[in-house]
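In what follows, a single structure is set out as structure tokens and then discussed.
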Amino acid sequence: MEIKDLDYNIQYDEATKTVKFTGSIRLQNLPAYEPIKLFLRDVAKLCQGAILTMDFRELQFVNSSGITTLSMFIIDSRKSAAYQIKIQGSLNVSWQSKSLSNFKKLWDQVVLEIS
879 MEIKDLDYNI QYDEATKTVK FTGSIRLQNL PAYEPIKLFL RDVAKLCQGA ILTMDFRELQ
939 FVNSSGITTL SMFIIDSRKS AAYQIKIQGS LNVSWQSKSL SNFKKLWDQV VLEIS
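Going from the sequence shown to the numbering used here is simple: count from 1 and add 878.
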């Protein structure tokens, strides 16, 4: 499964149960993020009883609407508790250490790996 755009790519690898985000996501508002929201919901259905890894290490930028969409996904995941989430980030991308650590505040079961 994959979402391709000129500026970003979101790809799900079923073998590793990993969603990899690359590029820069700068959509206009929350409704514009609906395809990404639906993509993540579909991925979550495939990860029941497993660990879903969300790899942001190559995502250079995401705006506030994107952070909100990802936050809502974490909250929905917490409510269902049907799978675990591991988040990977990079210290080399300035926004990641602060923003990704907020996901741990939304759900204390999130495993956070920022290196």
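By construction, the Cβ of each residue, glycine as well, lies at the ideal position given by its N, Cα and C atoms.
- In terms of Cβ geometry, residue 965 and residue 981 form a close pair [threshold 8 Å].
- Assignment of residue 907 by DSSP, reduced to helix, strand and coil, places it in the coil class.
- Pairing residue 943 with residue 908 gives a Cβ-Cβ distance under 8 Å.
- The DSSP-derived three-state label of residue 933 is strand.
- When 918, 929 and 945 are compared, the shortest CA-CA separation from residue 974 is found for 945.
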